[in-house]
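Protein chains in written order, with the working numbering: chain A, 13 to 260; chain B, 13 to 260.
Each residue gets a CB set at the ideal place from its N, CA and C atoms; glycine is no exception.
Here the structure is a predicted model, which means the values were calculated and not measured.
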């Protein structure tokens, strides 16, 4: 079945945030991830695939295409087996309990995608982002989440306002913070992660209630950890405490 | 001072492994990282900078250039303040004690760079890579290490042969492994990390002496963690055991 010029144009537009917002739609590539979004209740609008697929909801337009046609549509250097257009979900209400990640102006799509994938692994179901954080429906973000975006609610909001109103303790990582290994880490908490280059902004940092630090080996020269790595280490520490409660 | 065509050509060549090997040289960008390599005893061959710099060894050619000239040389979308050509160091002997990372065909330069940065943070001074692992002097790797490559010895070798000969225990992460939170983690150990898509190859995996697993929250849909994230979580667990010995 031929792919029309207007279809190519429409898919290409969805690389840009303004068109994603306008069409209320985003692209997911690869059947494994597409299935995760279907399972999570996302509305599938259209799917382009190079092979027959099972488990596609009725009333969805399925277009069987060849590899060259998929290449014309795909954002990837090595396209997968399928490309789907999904409708964005209504934004979830801001969370007020559980483990919550708060991101202060994260800029790198790969970092945000990896953070969402890691958050899902450790049971975090809510991420609250500052308005300047990279869009979670950016194709590079979606790709890096490996389907996990389907499982995690992401809000974009005035981060300072959210942190001012919340009743949860707010944990931020700072060089001068307490050793995280020896800190009490509760099950309801907000974990604040700063921008890749500049860390947590001062006006956001002053809203933290607990300053923690990931210990560094003596002789190390790195001044900081990558934002997604720091997130993973902190989430692992919170999760281990919780996990050990149930196993020890 | 003008930048010559042959200088531009030479720097550009160093993006490719075969020319780095031929010239036994690699590029580092940004004064902070350059200083780390100088401190670590790497031989600086030449430096291009947009400002006066202090702490450059005598007998090194310093070329003060303007931002546009730096743009012609730089591999970065947003060039930093300086670009340096360093001589590669003689390969360190294969390690036989301490905490050692072993990488089985890691492909993504960003992942390898982040892994080196994280290894440095947690005190790992040796990484042993399979021959098919991406080159650590790849500019994207060097960039992502944020200078930490200067502090970590990286070997490329027949990984199976190395693991067969070592007396250290070999820890690999597997879905069927033991809960890492409840595992005894020694101070001398090899931590084996697999390829981004395929994990640890079976012929390498059978050389592990300890199979461990990072627990996953119930309800998570991610099937795995990103390779650099898994490395960080495992290194953090090893490091915490060691760190607690000294603090508790």
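A distance of 8 Å or more separates the beta carbons of residue 96 of chain B and residue 62 of chain B.
Per the coordinates, the alpha-carbon of residue 137 of chain B lies some 10 Å from the alpha-carbon of residue 160 of chain B.
Looking at B:248, B:65, B:57 and B:84, the one whose alpha-carbon comes closest to that of residue 71 of chain B is B:57. Residue 183 of chain A is positioned such that its CB atom lies closer than 8 Å to that of residue 203 of chain A.
Using a Cβ-Cβ cut-off of 7 Å, residue 134 of chain A is close to 229 of chain B, given in chain order. For residue 20 of chain A, the enclosing alpha helix (DSSP H) has its first and last residue at 17–25. Contact with chain B is absent for residue 70 of chain A, since none of that chain's Cβ atoms lies less than 8 Å from the residue's Cβ.
By the 16-neighbour rule on beta-carbons within 10 angstroms, residue 81 of chain A is buried.
In the DSSP assignment, the residues bridged to residue 202 of chain B are B:112 and B:182.
Assigned with DSSP and collapsed to three states, residue 38 of chain A falls in strand. Pairwise C-beta distances place the segment 97–110 of chain B out of contact with the segment 100–107 of chain A, as fewer than three of them are shorter than 8 Å. Assigned with DSSP and collapsed to three states, residue 157 of chain B falls in helix.
Sequence-distant partners of residue 162 of chain A (beyond 5 residues in either direction) whose C-beta falls short of 6 Å from its own C-beta, in its chain, are 48, 49 and 52.
Contact between residue 252 of chain A and residue 193 of chain B holds, with the beta-carbon distance rounding to 5 Å and staying under 8 Å.
Annotation note: the segment 29–89 of chain A contains the following uninterrupted beta strand (DSSP E) runs of length 3 or greater, listed N- to C-terminal: 37–41, 56–61 and 73–76. Listed in chain order, the non-local C-beta contacts of residue 65 of chain A below 7 Å within the same chain comprise 43 and 94, local neighbours out to five positions each way being set aside. In the same chain as residue 145 of chain B, and ignoring 5 residues on each side of it, the C-beta atoms closer than 8 Å to its own belong to 115, 116, 117, 118, 119, 124 and 168, in chain order. Here DSSP, grouped into helix, strand and coil, assigns residue 143 of chain A to coil. By the Cβ-count criterion, residue 132 of chain B is buried, with 16 or more other Cβ atoms from all chains shown falling within 10 Å of its own Cβ.
Legend: CB atoms of the segment 47–77 of chain A lying less than 7 Å from CB atoms of chain B belong to residues 48. For residue 94 of chain B, the enclosing beta strand (DSSP E) begins and ends at 94–99. Spatial neighbours of residue 141 of chain B in its own chain (CB-CB distance under 6 Å, excluding positions within 5 residues in sequence) are listed in chain order as 115 and 168. Cβ atoms of residue 91 of chain A and residue 41 of chain A come within 8 Å of each other, at about 7 Å. Within chain B, not a single residue places a beta-carbon under 9 Å from that of residue 188 of chain A; the smallest gap is close to 17 Å. Counting C-beta pairs closer than 8 Å gives three or more between the segment 175–191 of chain A and the segment 221–229 of chain A, which meets the contact rule.
Residue 126 of chain A places its beta carbon less than 8 Å from that of residue 238 of chain B. Take the alpha-carbon of residue 26 of chain B and the one of residue 241 of chain A: they are about 29 Å apart.
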